[in-house]
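J.: Chains as they are written, first to last, in the working numbering: chain H, 1 to 318; chain W, 1001 to 1293. Where a beta carbon is used, it is the ideal one built from N, C-alpha and C, also for glycine. Sharing a structure below in structure tokens format, with a few things to ask.
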């Protein structure tokens, strides 16, 4: 297993390296370049040249890259247009999004896996059809629209929940959850729909497998057969799917935070683009890409713990 | 002569397979409904100038935020623009983004995936890493970056959606190529001295077509929703051009006073993407060799 994880970690490093080059190149491709963005309205060539020199932008690109990535590795992502350290801004915003993502994954996984298992076990019955149809609806419905509908229903009409905003968990746990429940459901529905379909088909495969028949023949209770044998093997699929859905989760967090006015990492991304704050944007994109790779690596760890074939032989199943 | 032709047609395995697939497809009412509704949306997008009662920008200041009526089937928005007409016009952006983003992703992903799966080895490893790099940039982040570099527009949103859809397609094409290269007919072609290009285009690609069609039908609704998201955030279609996402963004200011403005465009997105998803699910069953019905 050590070898497998080491290989995965090496691959992740390469991916982060390539991603950092993409981000770096992207910022260099900005219209007018960073110097004009910093100089604002002042387009005087001598000012631009001075800024270029001051920031080392007249040096060769590889030199600039090494300098930039060196700073980034030490946690220095530069100053945004308000002269605030980008790294600090990102660090204060990330916990909010992590809470949202955690709740969304929790809701999505519980609903998705339970519905998938029920649908597979009761294949062809009414509950299977209901779960399958709901999942199809969940896949087709635009989640941000679902968010708007929930605001109309629960915030405007019934006035049960706040329409938006954020209260930190430390300051007021109950209010925090009141603000988080709708966004988490909105972000979790897409995941639950995908998970339900994957869990269902994985469970159908496991339930037809020999080891399940053996388990039944041993006289194990139906619950033990489903829970300990079929589901455990289906969880391998579930982990993979959660990992693959991370990108969708990041995109989803941006729009969910926008609708519910949550000052998290996703909203920061939009602020960066709306204010044309390129240093901030660069930092945000770099952190998002790195975060994606790191979480995927964690998914691989969980995957190897769940999958005995990888644990024992250390061979790649990819 | 005609007698021989008919005989050939009944034996012709391709025609037989086509007939079998059509029969299987028609036995799936949900898939047929999906196809019909998807076609309705596509036709609405093409013929919006003919069908729509009003142009997308026509304002009626005597009917601001009006409810449904004879004059305005789904009411009007805050500028007195006919919501039904704007939904018809908005279908253009959605269908365009959905179809073009998928085609773009296919054109980019399928050759790469085939090469990775067919040649394996270091080519495969390099492509796998590049796919991972692509995956690390979710479509919204790509769209944000493109909007920063090139400015927000439907074209850039479509490119972002295409890039976003590519990694999954690369993996599917790779997996198919990996399996197909072991087929006897590929080995026979190799033994006959066929060039790699010929093998890939004549044997590998045609045999993964059904899988690719299913993937495309699933990628289109994802891109349609993606376009709505990007336009909603101001990263896609720019107002006053109508788009379902733009309509929802405008409606956000009137959630308590005129919730219907937020409801109709959402239903349009939902029905449009549901129709493609139903079609995709149906096609998957139809093409699945394990399907007996």
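With a 10 Å radius around its C-beta and 16 neighbouring C-beta atoms as the bar for buried, classify residue 111(H) as buried or exposed.
T.: With 16 or more other Cβ atoms within 10 Å, it is buried.
J.: Using a beta-carbon distance cut-off of less than 7 angstroms, what residues from the stretch 288 to 301 of chain H approach chain C?
T.: Chain labels in this structure do not include chain C; the protein chains are H and W.
J.: Our contact map puts residue 157(H) next to residue 280(H) with C-beta atoms below 8 angstroms; I'd like the distance itself, whole angstroms only.
T.: In fact, because the Cβ distance is near 38 angstroms, the residues do not count as touching under 8 angstroms.
J.: Which residues of the stretch 1248 to 1275 of chain W have a Cβ closer than 9 angstroms to any Cβ of chain H? Give them in chain order.
T.: For the stretch 1248 to 1275 of chain W, which is checked against every Cβ of chain H, the residues closer than 9 angstroms are 1248, 1251, 1252, 1255, 1256, 1259, 1262, 1263, 1265, 1266, 1267, 1269, 1270, 1271, 1272, 1273, 1274 and 1275.
J.: Exposed or buried, residue 97(H), counting other C-beta atoms within 10 Å across all chains shown (16 or more means buried)?
T.: Its Cβ being crowded by 16 or more others within 10 Å, residue 97(H) is buried.
J.: Counting along the chain, where does the alpha helix (DSSP H) carrying residue 382(H) start and finish?
T.: In the structure displayed, chain H extends from 1 to 318; residue 382(H) sits before or after that span and is not available.
J.: So is residue 24(H) in contact with chain W if we call contact Cβ pairs under 8 angstroms?
T.: For residue 24(H), the answer is no, since every Cβ of chain W falls outside 8 angstroms of its Cβ.
J.: Does the contact criterion of 3 or more C-beta pairs under 8 angstroms hold for the stretch 1232 to 1246 of chain W versus the stretch 1190 to 1210 of chain W?
T.: No: fewer than three Cβ pairs fall under 8 angstroms.
J.: Alpha helix (DSSP H) containing residue 152(H): first to last residue?
T.: It is not in any alpha helix (DSSP H) - residue 152(H) carries neither H nor E in the DSSP assignment.
J.: Since residue 149(H) and residue 182(H) are thought to touch, with beta carbons under 8 angstroms apart, how far apart are those beta carbons, to the nearest angstrom?
T.: That pair is no contact at about 10 angstroms.
J.: Kindly indicate if chain W contains any beta-carbon less than 8 angstroms away from that of residue 65(H).
T.: Taking Cβ atoms only, chain W never reaches closer than 8 angstroms to residue 65(H), which makes this a no.
J.: Of the residues 1220(W), 1134(W) and 1272(W), which one's Cα is nearest the Cα of residue 1167(W)?
T.: Ranking the options by Cα distance to residue 1167(W), first place goes to 1134(W).
J.: Looking at the C-beta of residue 1136(W), does it have a partner C-beta in chain H at a distance below 8 angstroms?
T.: Closer than 8 angstroms: yes.
J.: Rounded to the nearest angstrom, how far is the Cβ of residue 108(H) from that of residue 192(H), given a contact under 8 angstroms?
T.: Right, the Cβ-Cβ distance comes to about 4 angstroms (below 8 angstroms), so this counts as a contact.
J.: Taking 6 angstroms as the limit between beta carbons, can you name the residues of its chain near residue 164(H), skipping five residues before and five after?
T.: These residues qualify, in order along the chain: 260 and 261.
J.: Using the beta-carbon of each residue, which ones in chain H are nearer than 7 angstroms to residue 1147(W)?
T.: What residue 1147(W) touches in chain H: 273.
J.: Could you compute how far the alpha carbon of residue 162(H) sits from the alpha carbon of residue 101(H)?
T.: The straight-line gap from Cα to Cα measures roughly 19 angstroms.
J.: Skipping 5 residues on each side, what residues in its chain have a beta carbon closer than 6 angstroms to that of residue 1066(W)?
T.: Excluding sequence neighbours, residue 1066(W) sits near 1072, 1075 and 1076.
J.: Could you check what DSSP says for residue 216(H) in three-state terms: helix, strand or coil?
T.: If DSSP states are grouped into helix, strand and coil, residue 216(H) belongs with the helices.
J.: Mind checking whether residue 1142(W) and residue 1163(W) have CB atoms under 8 angstroms apart?
T.: Cβ distance < 8 angstroms, so residue 1142(W) and residue 1163(W) count as in contact.
J.: I need the DSSP call for residue 1082(W), collapsed to helix, strand or coil.
T.: Strand.
J.: Have a look at residue 247(H) and residue 1062(W) and give me their C-alpha separation to the nearest angstrom.
T.: If I take the Cα positions, the gap works out to 46 angstroms.
J.: Which residues share a DSSP beta bridge with residue 1059(W)?
T.: The partner list for residue 1059(W) (beta bridge, DSSP) reads 1081(W).
J.: Give the straight-line distance between the Cα atoms of residue 1228(W) and residue 1022(W), rounded to the nearest whole angstrom.
T.: Rounded to whole angstroms, residue 1228(W) to residue 1022(W) spans 33 angstroms at the Cα level.
J.: Less than 8 angstroms between the beta carbons of residue 1042(W) and residue 1087(W), yes or no?
T.: Cβ atoms of residue 1042(W) and residue 1087(W): not closer than 8 angstroms.
J.: Is there at least one Cβ from chain W nearer than 8 angstroms to residue 247(H)'s Cβ?
T.: Yes, because at least one Cβ of chain W sits closer than 8 angstroms to the Cβ of residue 247(H).
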